[in-house]
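**Student:**
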Amino acid sequence: MKWSETRTALHLWNRGHWKDYVFSQGMLFVASLLLVFFISIGLGVRRLLDRFLAADLPAEQVRVTPRGLQSGFFQTETGGTEITEEIRRKLEESPLVERVDPQIYARVPAYLKGRLGGRPYYTDITLEGVTGSFLGDSLLEEIDWSYTLEDSSSRFLPLVVSENLLLLYNAGFAESNDLLGLTPEGIIGTECTVTLGRSSIAETERPPITVRARIEATSRNMNLFALGAPFEFVDQVNELFIPGEPTKYSALVITAKRAEDVPEIVRMAEGYGLRAETRRGIAQKAEILVGSVTAALSALAAAILLSALASAIHTLVMDLKNRRFALGVLVALGTPEKRLATIFAFQILFMSAVSMILGAATGCLLSWGADKALLSLSPVLRAAVDSLVVFPVGWLAVGTGVMLAVSSSIAYVFFKRILHTPVIELLRP
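According to this note's numbering, the sequence shown holds residues 22 to 450 in order.
What follows is the structure in structure tokens.
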């Protein structure tokens, strides 16, 4: 039997029977769509976490804080262990520790007043004293971070704003009140005044102090939760408003000599009754959570994909069994069994490839649309990232090829077994 005659016979064979494959191929299309959608979104979210967490979280650092929750001059769960100069000194003396960067909150009310975008601006603030080594040389390359109250008559108080604080402001306040969002580049160089000892909700008995200030930089450091100011200045303000009280640190950022020593430093800090967190550990927990959800959804889509491929093969196999007589006629006319098995396997390959590629393309399109919609709704995300999705084209192509090769091979084996049936059995009514 010639190839042209075989092609005509197969055309007549499939005429009126394509509807039998619509359901299985529809499942394959939807499964491919969901799998690509979940993978692209999941990888995008993980990249976003890397952007905000992992990239700035050295594995050898530990953040030590009191058990209570402290925010400026507010303190909860008082009575627990506080970070004193003695504890700091003991931690610094450990042979495992390379450096300890202390942080200290201004324990007095304060507010900031200035102009942003040509409009008067006023807000209560919390100052957080940090050292130059905490911020890093790259951030302070052109900034003089040494400052005391004596310098207030001749210099601006240098301030560093946490980019996380900007994100919270933009997402939680600016958008809901139709205010302009703030970008890191837009606020650098902004001059203002900072009043210590008074705010909109509290006031001290001592007369307040007002100093001129300027926002010199922004920082992505995850350990900076407020407006960063020189450590000596904040410590001096606390001593001025609360005289005689010993220095109590809000946090210590400990840098270990080796990342392998971090667990021992954590145990040491917890032995003093303090809370110790590894910044890498926080990032990894977030990544594990996102990765688990993505893996679960992708596994579900992959299961649907496998079921759809099995359904497509099963549909064609049952179709062959239900039309044994017509199959026997093709064999009786001299069509080689190997050619028929190859042709039917190719039919599975072709239909599955079309369904999977169209499904994957639609999944990419949907995830791209979701990305654009989310970025258009949130200026915060738009300012922080270019895209929320990742399209691993190479891996998707390899995965599609492997799935098609496996399904076609399995289909070939099944069809070869059916076609190996004696012709007399195939032609039997």
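Each residue gets a CB set at the ideal place from its N, CA and C atoms; glycine is no exception.
Just to confirm the assignment: which complete alpha helix (DSSP H) runs, minimum length 4, are found wholly within the stretch 194-261?
**Tutor:** The stretch 194-261 contains these whole alpha helix (DSSP H) runs: 205-208.
**Student:** Here's a check: name, in chain order, each residue in its chain whose Cβ is nearer than 6 Å to the Cβ of residue 122, leaving out the five neighbours to either side.
**Tutor:** Here the question's residue 122 lines up with position 101 in the sequence shown. For residue 122, where only same-chain residues beyond five positions count, the Cβ hits under 6 Å are 152, 154, 155, 274.
**Student:** Cβ of residue 411 within 7 Å of Cβ of residue 150?
**Tutor:** Counting from 1 along the sequence shown, the entry for residue 411 is found at position 390. Counting from 1 along the sequence shown, the entry for residue 150 is found at position 129. Result no, Cβ atoms of residue 411 and residue 150 do not sit closer than 7 Å.
**Student:** If you reduce the DSSP assignment to three classes, tell me which class residue 180 lands in.
**Tutor:** Along the sequence shown, one-based indexing puts residue 180 at 159. The answer is strand: DSSP assigns residue 180 an E or B state.
**Student:** Mind pulling the alpha helix (DSSP H) runs of 4 or more residues that sit fully within the stretch 380-436?
**Tutor:** Complete alpha helix (DSSP H) runs here, min 4: 400-405.
**Student:** Leaving out five residues on either side along the sequence, give the residues of the same chain with a beta carbon under 8 Å from the beta carbon of residue 495.
**Tutor:** Because the chain here runs from 22 to 450, residue 495 falls outside it and cannot be looked at.
**Student:** Please state whether DSSP places residue 129 in a helix, a strand or coil.
**Tutor:** Residue mapping note: residue 129 aligns to position 108 of the sequence shown, counting from 1. Coil.
**Student:** Expressed to the nearest angstrom, what Euclidean distance is found between the alpha-carbon atoms of residue 158 and residue 288?
**Tutor:** Counted from its first residue, the sequence shown places residue 158 at position 137. Counted from its first residue, the sequence shown places residue 288 at position 267. Rounded to whole angstroms, residue 158 to residue 288 spans 30 Å at the Cα level.
**Student:** Evaluate residue 407 with the Cβ neighbour count: other Cβ atoms within 10 Å of its Cβ, from every protein chain shown; 16 or more gives buried, anything less gives exposed.
**Tutor:** Walking along the sequence shown from the start, residue 407 turns up at place 386. Answer is exposed; the Cβ neighbour count stays below 16.
**Student:** Do residue 188 and residue 255 have their CB atoms nearer than 7 Å?
**Tutor:** In the sequence shown, the residue the question calls residue 188 occupies position 167. In the sequence shown, the residue the question calls residue 255 occupies position 234. Not closer than 7 Å, so no.
**Student:** For residue 63, count the other beta carbons within 10 Å of its own beta carbon; 16 or more makes it buried, fewer makes it exposed. Which is it?
**Tutor:** Locating residue 63 in the sequence shown gives position 42, counting from the first residue. Buried, by the Cβ-count rule.
**Student:** Can you tell me which of the three DSSP states residue 87 falls into?
**Tutor:** Against the sequence shown, residue 87 aligns to sequence position 66. Correct three-state label for residue 87: coil.
**Student:** Note down the Cα distance separating residue 184 from residue 243, rounded to an integer number of angstroms.
**Tutor:** Translated into positions along the sequence shown, residue 184 becomes position 163. Translated into positions along the sequence shown, residue 243 becomes position 222. Distance between the alpha carbons of residue 184 and residue 243: 9 Å.
**Student:** Leaving out five residues on either side along the sequence, give the residues of the same chain with a beta carbon under 7 Å from the beta carbon of residue 279.
**Tutor:** Taking the sequence shown and counting its residues from 1, one reaches residue 279 at position 258. Answer for residue 279: 81, listed in chain order.
**Student:** Tell me whether residue 327 sits in a helix, a strand or coil according to DSSP, three-state version.
**Tutor:** Within the sequence shown, residue 327 is the residue found at index 306, counting from 1. It is helical.
**Student:** Decide if residue 211 is buried, meaning its Cβ has at least 16 other Cβ atoms within 10 Å, or exposed.
**Tutor:** Position 190 of the sequence shown, counting from 1, holds the residue named residue 211. Answer is buried; the Cβ neighbour count reaches 16.
**Student:** From residue 131 to residue 389, what distance separates their C-alpha atoms?
**Tutor:** Residue 131 sits at position 110 when you count from the first residue of the sequence shown. Residue 389 sits at position 368 when you count from the first residue of the sequence shown. Roughly 45 Å separates the two Cα atoms.
**Student:** If I'm right that residue 240 touches residue 160 with Cβ under 8 Å, what's the distance once you round it to whole angstroms?
**Tutor:** Taking the sequence shown and counting its residues from 1, the one referred to as residue 240 is at position 219. Taking the sequence shown and counting its residues from 1, the one referred to as residue 160 is at position 139. Contact flag correct, Cβ pair sits at about 6 Å.
**Student:** Please name the residue, chosen from 441, 172, 368, that lies closest to residue 353 on a Cα-to-Cα basis.
**Tutor:** The residue given as residue 353 occupies position 332 in the sequence shown. Taking only the C-alpha atoms, the option nearest residue 353 is 441.
**Student:** Am I right that residue 190 and residue 203 are in contact with their C-beta atoms under 8 Å? What's the rounded C-beta distance?
**Tutor:** Position 169 of the sequence shown, counted from the first residue, corresponds to residue 190. Position 182 of the sequence shown, counted from the first residue, corresponds to residue 203. About 6 Å separates the two Cβ atoms, so the contact holds.
**Student:** Give the single residue among 428, 129, 47 whose Cα lies nearest to the Cα of residue 262.
**Tutor:** Position 241 of the sequence shown, counted from the start, is the residue given in the question as residue 262. Nearest of 428, 129, 47 to residue 262, Cα basis: 129.
**Student:** Whole-angstrom Cβ separation of residue 179 and residue 226, contact assumed at under 8 Å?
**Tutor:** Within the sequence shown, the letter at position 158 stands for residue 179. Within the sequence shown, the letter at position 205 stands for residue 226. Contact doesn't hold; Cβ gap of about 29 Å is too wide.
**Student:** Identify whether residue 158 lies in helix, strand or coil by the three-state DSSP scheme.
**Tutor:** Position 137 of the sequence shown, counted from the start, is the residue given in the question as residue 158. Note: residue 158 maps to coil in three-state DSSP.
**Student:** Residue 376 and residue 49: beta carbons closer than 7 Å?
**Tutor:** Position 355 of the sequence shown, counted from the start, is the residue given in the question as residue 376. Position 28 of the sequence shown, counted from the start, is the residue given in the question as residue 49. Cβ atoms of residue 376 and residue 49: closer than 7 Å.
**Student:** Leaving aside the five residues before and after residue 109 along the sequence, list all residues of the same chain whose C-beta is less than 7 Å from its C-beta, in chain order.
**Tutor:** By one-based count along the sequence shown, residue 109 stands at place 88. Here the set comprises 121, 123, 270, 273.
**Student:** In chain order, what residues of the same chain have a beta carbon less than 6 Å from the beta carbon of residue 297, not counting five sequence neighbours either side?
**Tutor:** The residue given as residue 297 occupies position 276 in the sequence shown. Excluding positions up to five away in sequence, the list reads 83, 85, 287, 290, 291.
**Student:** Buried or exposed for residue 141, going by 16 or more other Cβ atoms inside 10 Å?
**Tutor:** Walking along the sequence shown from the start, residue 141 turns up at place 120. The residue in question, residue 141, is exposed, as its Cβ has fewer than 16 Cβ neighbours within 10 Å.
**Student:** What residue ranges within the stretch 262-295 form continuous alpha helix (DSSP H) runs of no fewer than 4 residues, ordered along the chain?
**Tutor:** Listed in chain order, they are 283-292.
**Student:** Can you name, in chain order, every residue of its own chain whose Cβ lies under 8 Å from the Cβ of residue 416, other than the five neighbours on each side?
**Tutor:** For this step, residue 416 is matched to residue 395 along the sequence shown. Cβ within range, chain order: n/a, list empty.
**Student:** Following the continuous alpha helix (DSSP H) through residue 148, name the residue where it begins and the one where it ends.
**Tutor:** Taking the first residue of the sequence shown as position 1, residue 148 is located at position 127. Here residue 148 belongs to no alpha helix (DSSP H); instead the beta strand (DSSP E) covers 148-151.
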